[in-house]
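Participant: The structure that follows is given in the form of structure tokens.
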Amino acid sequence: VQLQASGGGSVQPGGSLKLSCAPSGSIRSFNRMGWYRQAPGNQREFVASITSGGSTYYADSVKGRFTISGDNAKNTMYLQMNNLQPEDTAVYSCHAVSTAWVTYWGQGTQVTVSS
1 VQLQASGGGS
11 VQPGGSLKLS
21 CAPSGSIRSF
31 NRMGWYRQAP
41 GNQREFVASI
51 TSGGSTYYAD
61 SVKGRFTISG
71 DNAKNTMYLQ
81 MNNLQPEDTA
91 VYSCHAVSTA
101 WVTYWGQGTQ
111 VTVSS
């Protein structure tokens with residue numbers, strides 16, 4: 001299984017970006033999908049996740065600004081990021097846990113927030 005992440009880029013503070021994560025297999029084969037991020041010099045940290053039942057979880061630092069969602073028809077998971085701040089600058093990686101409880105990681109996509 002491969003996870004293809006896309007949608008990163010550079011924006012000014014207050015701007016928005018939408019990340020996408022498309023698995024090579026069916027999105028229905030995962031119990032949970034989500035995003036982690038890692039800034040230079042920092043450990044990787046949890047950002048958001050969504051379960052197959054539609055429950056969502058967010059890090060406190062992004063609550064109210066980021067929204068995670070899944071589209072079974074498009075076989076894609078999304079992370080809508082609004083009101084981005086410089087502290088959101090990081091490499092964002094897609095993460096998934098299959099119904100067989102195997103963990104997968106996608107390649108990272110860079111998000112840079114600066115004026």
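Per this note's numbering, the very first residue in the sequence shown carries number 1; after that it's consecutive.
C-beta atoms are modelled at their ideal positions from N, C-alpha and C, and glycine is treated no differently.
Report the rounded CA-to-CA distance for ASN83 versus CYS21, giving the unit in angstroms.
Facilitator: On the sequence shown, position 83 is the one that residue 83 refers to. On the sequence shown, position 21 is the one that residue 21 refers to. Distance between the alpha carbons of ASN83 and CYS21: 21 angstroms.
Participant: Do the region 95-102 and the region 19-37 touch if we need at least three Cβ pairs shorter than 8 angstroms?
Facilitator: Contact between the region 95-102 and the region 19-37 is present, because at least three Cβ pairs lie under 8 angstroms.
Participant: Quick check on DSSP: helix, strand or coil for SER69?
Facilitator: For this step, residue 69 is matched to residue 69 along the sequence shown. If DSSP states are grouped into helix, strand and coil, SER69 belongs with the strands.
Participant: Is SER98 helix, strand or coil by DSSP?
Facilitator: Here residue 98 is taken as the residue at index 98 of the sequence shown, counted from 1. DSSP places SER98 in strand when its eight states are reduced to three.
Participant: Per DSSP, what kind of secondary structure is ARG28 in: helix, strand or coil?
Facilitator: As a working mapping, residue 28 is identified with position 28 in the sequence shown. In this structure, ARG28 counts as helix in the three-state DSSP scheme.
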